[in-house]
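Structure first, commentary second.
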Amino acid sequence: MTLLYYFRGCEDGRNLDHYVADVAQCGGRNIETFPGDPKEQICAIRFSVDDKAQFVQAFRQTASYAFLE
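Sequence positions in the sequence shown follow the working numbering and run 1411 to 1479.
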């Protein structure tokens, strides 16, 4: 299953690597990043998971979860 998550707090591409690391740690793979518009400070990460419910449960425990848009 492919998911697309939007995150805030991405001014000048900051935090994107941290968000990607959390996605990967929780089972995300085939990760693509989209830095987005610096004015809006929102970036996106598209990735695949085997089990969405399991991923979401694990991702809720990460610091990145608080920045989901």
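Glycine included, every Cβ here is placed at the ideal spot set by N, Cα and C.
If you draw a straight line from the Cα of P1448 to the Cα of V1430, it comes to about 18 Å. Cβ-Cβ distances below 6 Å link E1442 to R1456 in the same chain, with the five nearest sequence neighbours on each side left out; the list follows chain order. Counting only residues of its own chain and dropping the five nearest sequence neighbours on each side, Y1475 has a CB closer than 6 Å to the CB of F1469.
Residue burial annotation: V1466 is exposed, with fewer than 16 other C-beta atoms found within 10 angstroms of its C-beta. Taking E1479 as reference, the option from G1446, C1436, Q1435 and M1411 with the minimal CA-CA separation is G1446.
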